[in-house]
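Protein sequence lines correspond, in order, to chains D and A.
So in my numbering the end of the first sequence lands on 955, straight run, no missing numbers.
So in my numbering the end of the second sequence lands on 955, straight run, no missing numbers.
Worksheet for the structure shown next.
2 protein chains.
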Amino acid sequence: MGMANTAKAEQDTTAAARLDVPVVVLSHRAPVQFRREQGKRLIRRGAGGLVTALVGLAGQLDDAVWVCAATTDEDSAAAAEHDGGAVPLVMTAEPTPADGNEADDAPVLGVRLVDVDPEQHEDFYQVVSNPLLWFIQHGLYGLATSPNIGRTERDAYEQGYVPVNEAFADAVAEEVEARGGRALVMLHDYHFYLVADRVRARCPEVVLSHFIHIPWPGPDAWLVLPADIREQILRGLLGNDVVAFHTERFARNFLLCCQELLGLPIDLDTKTVRVGGRVVAARTYPISIDVDALVEMATSDEVEELAAELQRELLPDGQQLLLRVDRTDPSKNIVRGFLAFELLLEQHPELVGTLRFLAFLQPSRLDVPEYSDYLGRIGAIVARVNARHARAGVAPIDLRLQEHYPTAVAAYTLCDAVMVNSLADGMNLVAKEAVTVSRHHAVLCLSESTGAHAELGAFAVTLNPFDIQQQADALYAALTMPARERADRQAAAANVVRGNDVAKWLDAQIADLRLLTGLWSEEPEGPRLAPAARD
Amino acid sequence: MGMANTAKAEQDTTAAARLDVPVVVLSHRAPVQFRREQGKRLIRRGAGGLVTALVGLAGQLDDAVWVCAATTDEDSAAAAEHDGGAVPLVMTAEPTPADGNEADDAPVLGVRLVDVDPEQHEDFYQVVSNPLLWFIQHGLYGLATSPNIGRTERDAYEQGYVPVNEAFADAVAEEVEARGGRALVMLHDYHFYLVADRVRARCPEVVLSHFIHIPWPGPDAWLVLPADIREQILRGLLGNDVVAFHTERFARNFLLCCQELLGLPIDLDTKTVRVGGRVVAARTYPISIDVDALVEMATSDEVEELAAELQRELLPDGQQLLLRVDRTDPSKNIVRGFLAFELLLEQHPELVGTLRFLAFLQPSRLDVPEYSDYLGRIGAIVARVNARHARAGVAPIDLRLQEHYPTAVAAYTLCDAVMVNSLADGMNLVAKEAVTVSRHHAVLCLSESTGAHAELGAFAVTLNPFDIQQQADALYAALTMPARERADRQAAAANVVRGNDVAKWLDAQIADLRLLTGLWSEEPEGPRLAPAARD
Numbered sequence: 421m422g423m424a425n426t427a428k429a430e431q432d433t434t435a436a437a438r439l440d441v442p443v444v445v446l447s448h449r450a451p452v453q454f455r456r457e458q459g460k461r462l463i464r465r466g467a468g469g470l471v472t473a474l475v476g477l478a479g480q481l482d483d484a485v486w487v488c489a490a491t492t493d494e495d496s497a498a499a500a501e502h503d504g505g506a507v508p509l510v511m512t513a514e515p516t517p518a519d520g521n522e523a524d525d526a527p528v529l530g531v532r533l534v535d536v537d538p539e540q541h542e543d544f545y546q547v548v549s550n551p552l553l554w555f556i557q558h559g560l561y562g563l564a565t566s567p568n569i570g571r572t573e574r575d576a577y578e579q580g581y582v583p584v585n586e587a588f589a590d591a592v593a594e595e596v597e598a599r600g601g602r603a604l605v606m607l608h609d610y611h612f613y614l615v616a617d618r619v620r621a622r623c624p625e626v627v628l629s630h631f632i633h634i635p636w637p638g639p640d641a642w643l644v645l646p647a648d649i650r651e652q653i654l655r656g657l658l659g660n661d662v663v664a665f666h667t668e669r670f671a672r673n674f675l676l677c678c679q680e681l682l683g684l685p686i687d688l689d690t691k692t693v694r695v696g697g698r699v700v701a702a703r704t705y706p707i708s709i710d711v712d713a714l715v716e717m718a719t720s721d722e723v724e725e726l727a728a729e730l731q732r733e734l735l736p737d738g739q740q741l742l743l744r745v746d747r748t749d750p751s752k753n754i755v756r757g758f759l760a761f762e763l764l765l766e767q768h769p770e771l772v773g774t775l776r777f778l779a780f781l782q783p784s785r786l787d788v789p790e791y792s793d794y795l796g797r798i799g800a801i802v803a804r805v806n807a808r809h810a811r812a813g814v815a816p817i818d819l820r821l822q823e824h825y826p827t828a829v830a831a832y833t834l835c836d837a838v839m840v841n842s843l844a845d846g847m848n849l850v851a852k853e854a855v856t857v858s859r860h861h862a863v864l865c866l867s868e869s870t871g872a873h874a875e876l877g878a879f880a881v882t883l884n885p886f887d888i889q890q891q892a893d894a895l896y897a898a899l900t901m902p903a904r905e906r907a908d909r910q911a912a913a914a915n916v917v918r919g920n921d922v923a924k925w926l927d928a929q930i931a932d933l934r935l936l937t938g939l940w941s942e943e944p945e946g947p948r949l950a951p952a953a954r955d
Numbered sequence: 421m422g423m424a425n426t427a428k429a430e431q432d433t434t435a436a437a438r439l440d441v442p443v444v445v446l447s448h449r450a451p452v453q454f455r456r457e458q459g460k461r462l463i464r465r466g467a468g469g470l471v472t473a474l475v476g477l478a479g480q481l482d483d484a485v486w487v488c489a490a491t492t493d494e495d496s497a498a499a500a501e502h503d504g505g506a507v508p509l510v511m512t513a514e515p516t517p518a519d520g521n522e523a524d525d526a527p528v529l530g531v532r533l534v535d536v537d538p539e540q541h542e543d544f545y546q547v548v549s550n551p552l553l554w555f556i557q558h559g560l561y562g563l564a565t566s567p568n569i570g571r572t573e574r575d576a577y578e579q580g581y582v583p584v585n586e587a588f589a590d591a592v593a594e595e596v597e598a599r600g601g602r603a604l605v606m607l608h609d610y611h612f613y614l615v616a617d618r619v620r621a622r623c624p625e626v627v628l629s630h631f632i633h634i635p636w637p638g639p640d641a642w643l644v645l646p647a648d649i650r651e652q653i654l655r656g657l658l659g660n661d662v663v664a665f666h667t668e669r670f671a672r673n674f675l676l677c678c679q680e681l682l683g684l685p686i687d688l689d690t691k692t693v694r695v696g697g698r699v700v701a702a703r704t705y706p707i708s709i710d711v712d713a714l715v716e717m718a719t720s721d722e723v724e725e726l727a728a729e730l731q732r733e734l735l736p737d738g739q740q741l742l743l744r745v746d747r748t749d750p751s752k753n754i755v756r757g758f759l760a761f762e763l764l765l766e767q768h769p770e771l772v773g774t775l776r777f778l779a780f781l782q783p784s785r786l787d788v789p790e791y792s793d794y795l796g797r798i799g800a801i802v803a804r805v806n807a808r809h810a811r812a813g814v815a816p817i818d819l820r821l822q823e824h825y826p827t828a829v830a831a832y833t834l835c836d837a838v839m840v841n842s843l844a845d846g847m848n849l850v851a852k853e854a855v856t857v858s859r860h861h862a863v864l865c866l867s868e869s870t871g872a873h874a875e876l877g878a879f880a881v882t883l884n885p886f887d888i889q890q891q892a893d894a895l896y897a898a899l900t901m902p903a904r905e906r907a908d909r910q911a912a913a914a915n916v917v918r919g920n921d922v923a924k925w926l927d928a929q930i931a932d933l934r935l936l937t938g939l940w941s942e943e944p945e946g947p948r949l950a951p952a953a954r955d
């Protein structure tokens with residue numbers, strides 16, 4: 421599917437450039453952050469492939485606005501200066517306010533920072549989005565004992581998730597209305613499941629898509645939510661023309677939910693569902709990375725120096741390096757990764773002293789008890805393995821609980837194998853980054869339960885995330901793989917990533933959505949997508 | 421679907437009677453148990469609807485044999501006396517050896533008790549079947565931390581589950597071969613997923629069905645198993661002509677697993693999957709109870725006396741009675757049931773002193789840590805609720821950790837509401853039993869995640885198993901429901917159960933399978949089931 425999308429994207433490389441309609445993007449995270457330091461306003465551009473891709477898109481458009489949450493006081497101040505409307509910015513590396521005198525091809529983007537009541541936001545973000553939706557969609561609950569859904573969760577939904585979604589839906593609808601009611605709206609992720617149908621109710625001619633970046637499990641998993649809430653979530657999403665996912669499995673699961681939980685007629689061949697006289701399509705666009713930016717960073721002086729330092733520190737005598745880079749999220753399956761590493765050392769004692777495991781882990785959501793417990797489990801297993809298998813004062817695991825992207829990239833260039841053993845993962849970009857900039861032909865050890873496995877599994881050593889013996893065996897196979905095979909696999913995987921970078925991910929979506937904007941010249945009534953349309 | 425099956429069963433009430441082919445049944449539990457007491461051999465008939473139904477079938481057949489596990493020394497001795505072959509028994513209430521001089525219509529059944537190596541059986545039963553398969557199929561694992569699949573589990577599968585399945589497959593195949601290779605084989609449950617394809621390999625003309633009594637979750641859940649094991653399980657089951665479940669959801673999930681995990685072409689309309697030139701059908705037959713036997717027991721002197729005793733003990737001043745009857749299995753969701761009851765008393769203090777909760781719980785699998793932990797949680801929450809809400813020395817919850825079926829039936833006749841809030845449950849027969857013999861128009865409070873909900877949900881108060889506030893509200897609605905509505909609902913539910921009792925459950929299967937035995941007059945090649953055949 422990744423390949424198919426890539427091919428399609430290549431036919432349509434100019435799809436975004438030819439797009440002559442306004443675009444409204446919604447995501448919780450903003451593409452910029454406003455700060456005040458020493459009395460001066462600073463505007464910092466956000467990191468990540470999504471920002472890069474969408475800012476790239478904005479540069480090609482006459483009219484683009486990004487709706488997102490205000491998170492700093494200075495965000496709120498900037499929004500207030502524009503009466504809550506969009507702040508026009510020139511989105512260069514260091515964004516600046518646009519004053520209308522920019523060159524025609526300047527990448528101007530309106531950024532609408534929505535100020536949400538802090539209590540509502542807390543309920544919306546800290547109770548419903550995380551952990552509830554995140555845990556359900558990643559299958560993290562031990563259902564025998566959790567969650568217990570009670571008034572707290574119900575109130576957080578009704579007094580947090582719902583009004584926050586309404587506020588963002590209003591902001592999106594206002595931007596659409598300001599453009600005459602016709603715009604392409606691209607919603608993002610699990611924070612905003614209730615936005616699409618509200619926007620459609622106000623703006624019936626809009627073209628709406630919603631990209632879901634995390635796994636979409638089958639109907640069984642959604643039974644954890646009260647019936648009315650899960651139905652509202654599905655109905656909300658069915659306000660879209662397209663609901664988009666990273667993999668075919670997630671798209672199919674979404675359709676099965678519509679069938680099983682709402683009783684709607686679905687078609688698994690055309691990947692569509694009929695609702696209220698409309699047809700909604702589930703589509704698959706595997707996200708990727710900004711290859712050029714990553715390669716540039718990997719060859720920067722900073723990263724070269726960091727790599728040399730890691731080499732001296734960790735691999736002074738030509739040791740092999742196993743690497744993982746993750747947030748400390750239970751979905752990343754870090755504890756079982758260390759259990760597998762422990763088995764590997766026990767079953768292959770010749771590796772003790774010749775293999776280092778650099779675990780570069782960014783602490784995450786420590787205010788959620790499951791996450792702080794999980795961090796404790798990580799510390800416990802690392803202590804045990806290091807105590808048992810230290811040689812000459814050197815411990816086999818180097819646990820670094822910090823975030824520093826250049827160091828992670830330096831480690832990518834150096835490592836012999838990278839471990840991605842997630843329980844469930846929408847895509848996993850570490851896998852794509854590592855194979856792209858590896859200089860030692862790193863072997864990708866990749867969980868079958870990641871979105872990335874659909875594209876890269878053929879060139880990876882596949883991991884079963886629950887089977888620690890299998891993971892230990894797979895790591896051994898990776899670390900003893902003949903050099904030629906390592907080189908071939910890494911080159912092939914890197915080729916796949918280069919062939920479908922994040923710009924193409926976006927372009928493939930735009931190309932599909934453009935077909936729908938073509939309907940604007942016709943009657944707005946009737947099905948918007950032909951039920952027989954195929955990918 | 422229950423209704424549809426019922427209608428079909430009524431057209432075919434004589435399907436079993438008209439069955440003129442040999443039948444071989446396989447289940448882990450035996451229909452009889454041999455014991456030796458004071459030097460004498462005793463033969464005790466097993467309890468439960470399945471035994472009743474299948475013994476009833478045997479009574480109508482010329483030739484029926486039941487293959488099962490020997491569990492006592494005397495079982496093994498009886499099997500040895502017949503060189504490991506079937507022991508012929510007259511299956512009256514107190515079974516006796518058949519000597520060939522019985523009346524033509526005597527219910528003679530051959531019982532083949534298979535002796536399994538105890539270590540293999542331990543691995544097969546205590547590691548793979550329970551907890552591994554049971555936990556996966558009921559969604560009980562907290563996947564962030566368990567299970568860790570390692571050599572123990574791999575060895576238990578390869579050296580336990582596989583050889584035990586082979587031994588039972590051999591026993592079944594021998595019985596089929598002794599009947600000229602043509603027999604109807606009915607396999608049962610999660611212990612024997614690898615039997616069907618082995619039997620088919622030895623006996624290509626056999627007609628094979630496998631009934632799965634527990635939930636069949638979607639593909640996501642099966643990813644917990646190593647890829648080779650889950651594929652072997654599915655391939656094993658695809659040796660059948662029919663794989664049967666309690667609900668449409670389970671049947672659909674099975675087909676989706678064949679598609680997603682094996683890449684086989686499925687048809688959700690005809691509910692079939694194509695494999696190796698054959699067509700395998702997923703079918704739905706909701707199991708039921710032996711209505712006549714239950715009604716007889718409910719009106720027995722023993723149960724009448726037990727009911728009077730419960731009335732005096734628990735309800736001396738006309739209190740209302742809430743009842744649950746379960747094994748202490750985490751899938752039964754007992755702890756959340758007590759949490760909901762606690763909320764109910766807190767939010768409706770007028771119920772304190774006027775409502776008793778009889779929890780009749782049979783301790784289960786206490787050698788499995790998850791189960792003994794769960795029993796501890798039950799004790800803890802009961803202590804808290806009883807300490808907080810006792811009035812005049814009377815605690816609201818009467819927790820009875822024992823099994824005594826007549827007392828449970830007595831409680832069915834007395835109660836005002838029965839709570840079945842399972843997380844996941846293949847069918848749940850408590851729901852069917854309670855509405856059948858209730859004399860106080862008990863309101864059935866029934867989890868949407870039980871198989872029974874597909875048939876009885878329309879007449880029940882539906883429970884969301886994870887939402888304790890919703891459960892508390894639903895219990896309140898049940899306990900304050902107008903008498904007329906209670907009576908109407910209970911009568912309607914009892915009608916459904918009476919209309920589809922366990923004999924009809926079996927007869928509907930036989931009726932479908934008879935069509936396949938008709939193919940014995942034709943070439944054994946080619947598809948056995950037409951892919952266009954519909955339920």
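Note that beta-carbon positions come from the ideal geometry of N, C-alpha and C, so glycine has one too.
In this text the structure is predicted, and so the values were computed from the model without any measurement.
**Asked** For Phe886/A and chain D, any beta-carbon pair shorter than 8 angstroms?
**Response** Reading the second sequence from its first residue, position 466 is the one you call residue 886/A. Yes, Phe886/A lies at the interface with chain D (some Cβ there is under 8 angstroms from its Cβ).
**Prompt:** Helix, strand or coil: which one does DSSP assign to Met717/A?
**Reply:** As a working note, residue 717/A is residue 297 in the second sequence. Met717/A: helix per DSSP, three-state reduction.
**Request:** Could you pull the start and end residues of the beta strand (DSSP E) that Leu658/D belongs to?
**Result:** Locating residue 658/D in the first sequence gives position 238, counting from the first residue. First-last for Leu658/D: undefined, no H or E at that position.
**Prompt:** How should Lys852/D be labelled, buried or exposed, when 16 other C-beta atoms within 10 angstroms of its C-beta is the threshold for buried?
**Reply:** As a working note, residue 852/D is residue 432 in the first sequence. Lys852/D should be labelled buried.
**Prompt:** CB Ile463/A to CB Val471/A, shorter than 8 angstroms?
**Reply:** Reading the second sequence from its first residue, position 43 is the one you call residue 463/A. Reading the second sequence from its first residue, position 51 is the one you call residue 471/A. It is not a contact, given that the beta carbons lie outside the stated cut-off.
**Request:** Examine chain A for any beta-carbon lying closer than 8 angstroms to the beta-carbon of Phe638/D, and answer yes or no.
**Result:** For the purposes of this step, residue 638/D is identified with residue 218 of the first sequence, where counting begins at 1. Checking the displayed sequence, the identity of residue 638/D turns out to be Gly instead of Phe. Chain A contact via Cβ: present.
**Message:** Suppose contacts are defined by Cβ-Cβ distances below 8 angstroms. Is Val626/A in contact with Arg618/A by that definition?
**Reply:** For the purposes of this step, residue 626/A is taken as the residue at position 206 of the second sequence. For the purposes of this step, residue 618/A is taken as the residue at position 198 of the second sequence. No, the pair does not count as a contact, with Cβ atoms beyond the cut-off.
**Asked** If Thr704/A sits next to Thr748/A, beta carbons under 8 angstroms apart, how far is it from one beta carbon to the other, in whole angstroms?
**Response** As a first step, residue 704/A is located in the second sequence; it is residue number 284 there, counting from the start. As a first step, residue 748/A is located in the second sequence; it is residue number 328 there, counting from the start. Going by Cβ atoms, the distance from Thr704/A to Thr748/A rounds to 29 angstroms, so no, they are not a contact pair.
**Message:** Using a Cβ-Cβ distance cut-off of 8 angstroms, determine whether Gln453/A contacts chain B.
**Reply:** No chain B is part of this structure, whose protein chains are labelled D and A.
**Request:** For His785/A, count neighbouring Cβ atoms within 10 angstroms of its own Cβ and tell me buried if that reaches 16, exposed if not.
**Result:** To locate residue 785/A, count along the second sequence from 1; it is residue 365. According to the sequence as given, residue 785/A is Arg; it is not His. Burial is judged here by how many other beta carbons sit within 10 angstroms of a residue's own beta carbon; Arg785/A has at least 16 and is buried.
**Request:** Using a Cβ cut-off of 8 angstroms (strictly closer), state whether Pro706/A contacts chain D.
**Result:** In the second sequence, counting from the first residue as 1, residue 706/A sits at position 286. No, Pro706/A lies away from the interface with chain D (no Cβ there is under 8 angstroms from its Cβ).
**Message:** Taking 8 angstroms as the limit between beta carbons, can you name the residues of its chain near Ala467/A, skipping five residues before and five after?
**Reply:** Walking along the second sequence from the start, residue 467/A turns up at place 47. Excluding residues within five positions, the ones whose Cβ falls inside 8 angstroms are Tyr825.
**Message:** To the nearest angstrom, how far is the alpha carbon of Ser869/D from that of Thr512/D?
**Reply:** Mapped onto the first sequence, residue 869/D falls at position 449. Mapped onto the first sequence, residue 512/D falls at position 92. One C-alpha to the other measures close to 37 angstroms.
**Prompt:** Is Asn568/A close to chain D, meaning its C-beta is less than 8 angstroms from at least one C-beta of that chain?
**Reply:** The residue given as residue 568/A occupies position 148 in the second sequence. For Asn568/A, the answer is yes, since a Cβ of chain D falls inside 8 angstroms of its Cβ.
**Request:** Say whether chain D places a C-beta atom closer than 8 angstroms to the C-beta of Gln889/A.
**Result:** Working through the second sequence from its first residue, we reach residue 889/A at position 469. Residue contact with chain D for Gln889/A: present (Cβ-Cβ distance below 8 angstroms to some residue of chain D).
**Item:** For Val881/A: DSSP bridge partner residues
**Value:** Stepping through the second sequence from its first residue, residue 881/A is reached at position 461. Paired residue(s): Cys865/A.
**Message:** Cβ closer than 7 angstroms: which chain A residues qualify as neighbours of Glu522/D?
**Reply:** For the purposes of this step, residue 522/D is taken as the residue at position 102 of the first sequence. Simply none; closest approach about 49 angstroms.
**Message:** Please identify the residue among Asp503/D, Asp495/D and Val528/D whose C-alpha is closest to the C-alpha of Val475/D.
**Reply:** Counting from one through the first sequence, the residue named residue 475/D turns up at place 55. For the residues Asp503/D, Asp495/D and Val528/D, the minimum Cα distance to Val475/D belongs to Val528/D.
**Asked** Any contact of the region 837-850 of chain A with the region 867-886 of chain A, i.e. 3+ C-beta pairs under 8 angstroms?
**Response** yes
**Straight-line gap, His541/A to Gln782/A (C-alpha atoms, nearest Å)** = Against the second sequence, residue 541/A aligns to sequence position 121. Against the second sequence, residue 782/A aligns to sequence position 362. Whole-angstrom Cα-Cα distance: 24 angstroms.
**Item:** At least 3 beta-carbon pairs within less than 8 angstroms: the region 659-673 of chain D vs the region 899-918 of chain A
**Value:** Three or more Cβ pairs closer than 8 angstroms define a contact, and the region 659-673 of chain D falls short of that threshold against the region 899-918 of chain A.
**Message:** Relative to the C-alpha of Pro750/D, which candidate in Ile634/D, Asp661/D and Leu843/D has its C-alpha closest?
**Reply:** Within the first sequence, residue 750/D is the residue found at index 330, counting from 1. Out of Ile634/D, Asp661/D and Leu843/D, Leu843/D has the C-alpha closest to the C-alpha of Pro750/D.
**Request:** Say whether chain D places a C-beta atom closer than 8 angstroms to the C-beta of Asp955/A.
**Result:** Locating residue 955/A in the second sequence gives position 535, counting from the first residue. Confidence is the limiting factor: at Asp955/A the pLDDT is only 39, short of 50, which leaves the residue's position unreliable and the question unanswerable from this model.
**Asked** Since Val441/D contacts Arg602/D with CB under 8 angstroms, what's their CB separation in whole angstroms?
**Response** Residue 441/D sits at position 21 when you count from the first residue of the first sequence. Residue 602/D sits at position 182 when you count from the first residue of the first sequence. Correct: roughly 7 angstroms between the Cβ atoms.
**Prompt:** What is the residue span of the alpha helix (DSSP H) that Arg756/D lies within?
**Reply:** Indexing the first sequence from 1 puts residue 756/D at position 336. From DSSP, the alpha helix (DSSP H) with Arg756/D extends over Ile754 to Gln767.
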